[in-house]
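With the working numbering, letter number 100 in the sequence shown gets 586, and the count goes up by one each step, no holes. Glycine included, each C-beta is placed from N, C-alpha and C at the ideal position. Just so you know, these numbers come straight off a predicted model, no measurement behind them. Here's the structure, in structure tokens; my notes come after.
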Amino acid sequence: MISDQELDRGMLTLKIIWLAMLMSLVVYLFVGLYVGTSVQLSINEDSLDILKVILYMLSFAILMATRIVRRLILEGKRHYAAGTSQTSALQRYLTAMIVALTMSETMGIFGLVLFLLGKNPMDLYLLVAVSAAAMIMYRPRKEEIIIPAQEKPEDSTAGGAIS
């Protein structure tokens, strides 16, 4: 069982990471709106349209993949030996959260790139908003870590084998 102190320390770390990544989206907005108007990048319209379609499709794919990747990391307990300490549940949760938040943040970066290239603020607003919504959806929750940590590993002799 994970001690309350370990759990609180892990959750504090995660909340700091989550807030920092969420604040980075605000930085992307300010950079885009204040610096983006003075930056002169040249890209032809056809290339920009293709890049826009690719980045929007990639954002959608990342949004869908984030849930799957997060779940796969969290369910990694099946691959651990029965003697693995419960601390690994905390480590898996930390890893799953950092990966999910990073994947979510990439959509905001895509919005900044599209804005800097095409000067369309809607690209920036839309992709940063989707990124922020995904980060809020995947925010750290104590309940998510307590339940897996309390689960006991399955007994390998449950099939009736005699030791």
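- For Tyr624, the secondary structure class from DSSP, reduced to helix, strand or coil, is coil.
- Of the residues assessed, Asp532 falls on the exposed side of the cut-off, its CB having fewer than 16 other CB atoms within 10 angstroms.
- Between Ala582 and Arg556 a beta carbon distance of about 5 Å is seen, short of the 8 Å cut, so the two are scored as contacting.
- Here the C-alpha atom of Lys628 lies approximately 33 Å from the C-alpha atom of Met543.
- Going by C-alpha positions, Leu613 is about 5 Å away from Gly597.
- When only Cα atoms are considered, Ala618 and Glu591 end up about 8 Å apart.
- The Cβ neighbour count for Met593, taken over all protein chains shown within 10 Å, is at least 16; the residue is labelled buried.
- Less than 8 Å divides the Cβ of Leu534 from the Cβ of Gly604.
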